[in-house]
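Residue numbers (the numbering used here): 14 to 410.
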């Protein structure tokens, strides 16, 4: 049994008591950050010993003081990592007020009760969607985070992992996400993500008003709108991938693309527009959404080395050649087969993940014919193309 975690977010009305608590919580975090920088500490135990008694003058319950110390430790830990890369990194300081807590949380039907003062809690009215999810007795409310506009409720449940019989490889590309194995392959079109990015850039370039305050506000609104539209689109893709994996009892395999941004830095001999396009690629957001949704359904997710996934034939393991007339097609000289480069990559990712459990490949990751009961033929492979922009979005995520 594993513990799966996700969050529910809903809009809440303004509350003066909550606003005051958020300001106090922000001040406590900044106080702890100053102590941590002065004493050069970022561990929770030492930070608690140094700062807990310093927070006695703040008029707030002790559970919030503990959470403020924990949040400050996380901020300082992140700052230390940035400082190693860049000694001129900006000193951390919390500007936006928020509050988080994981103690004494209760909910019954339509109300979420959070601690405010002793014997005087605050009740937050939940909407129908949140009530429906929290009505499940198998779920447990672990914590909450309140900002100026909404509340995010963290929930968890114990999940029994599904015994998978197949593995699905996912190849993330700029214009599509290819998901499949040697039986079937599905293309999820992501052209709309590029158009969203380009439309945002075009709209920002059309702002001509000579007012820096309005300009920053306009840029911020456009950036938030772009991020919301992008996440909503990726939610559709990730939900379809996980639903298909549950239906076919398939494990999900990704390429480990850690450090790929280093390939598209300034000075690598690439154009500005090319680097902007590749660095705007939301590959990690898709991975993050698929990971937590798959764990929530009991589907395991594994990662494989991306080396040579687009250069080896998935049938015989020989190196493939590129078609000069059609660069999308790759040809294997040994077995005389040709296929789309994204289909080939998805199949190789699936086989690499499978080899981790069957040891059917050698150390180089090249395919061996012994992993198949019979050779794959073109008639066995089913390829589907899905236009995600035309799919109806689901509220349950």
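For each residue, glycine too, the CB sits at the ideal point set by N, CA and C. Please read all numbers here as calculations on a predicted model, not as lab measurements.
Under DSSP, residue 344 forms a beta bridge with 334, 351. At a Cβ-Cβ threshold of 8 Å, residue 193 and residue 344 do not count as neighbours.
Residue 189 counts as buried, since no fewer than 16 other beta carbons sit within 10 angstroms of its beta carbon. Non-local C-beta neighbours of residue 173 in its own chain, meaning closer than 7 Å and more than five positions away in sequence, comprise 14, 311, ordered along the chain. Contact between residue 198 and residue 265 does not hold, since their C-beta atoms are separated by about 14 Å, which reaches or exceeds 8 Å. Residue 90: member of the alpha helix (DSSP H) spanning 75-98, first to last residue.
According to the DSSP assignment, residue 52 belongs to the alpha helix (DSSP H) that extends over 29-52. Of all alpha-carbon atoms in 318, 316, 354, 338, the one lying nearest the alpha-carbon of residue 332 is that of 354. In the three-state reduction of the DSSP assignment, residue 186 falls in the coil class, being assigned neither a helical nor a strand state. Put simply, of 182, 161, 120, 127 the residue whose alpha carbon is nearest the alpha carbon of residue 146 is 120. Runs of the beta strand (DSSP E) lying entirely within the segment 205-276 and spanning at least 3 residues, in chain order: 263-268. Boundaries of the beta strand (DSSP E) harbouring residue 113: 112-114, taken from the DSSP string.
Of the candidates 106, 77, 245, 46, 77 places its Cα closest to the Cα of residue 131.
About 5 Å separates the beta carbon of residue 80 from that of residue 113, a gap short enough to meet the 8 Å contact definition. Counting only residues of its own chain and dropping the five nearest sequence neighbours on each side, residue 48 has a CB closer than 6 Å to the CB of 63, 64. For residue 300, the three-state secondary structure derived from DSSP is helix.
Spatial neighbours of residue 178 in its own chain (CB-CB distance under 7 Å, excluding positions within 5 residues in sequence) are listed in chain order as 262. For residue 25, the closest C-alpha among the options 162, 352, 323 is that of 162.
For residue 341, the CB contacts under 7 Å within the same chain, skipping 5 residues up- and downstream, are 353, 354 in chain order.
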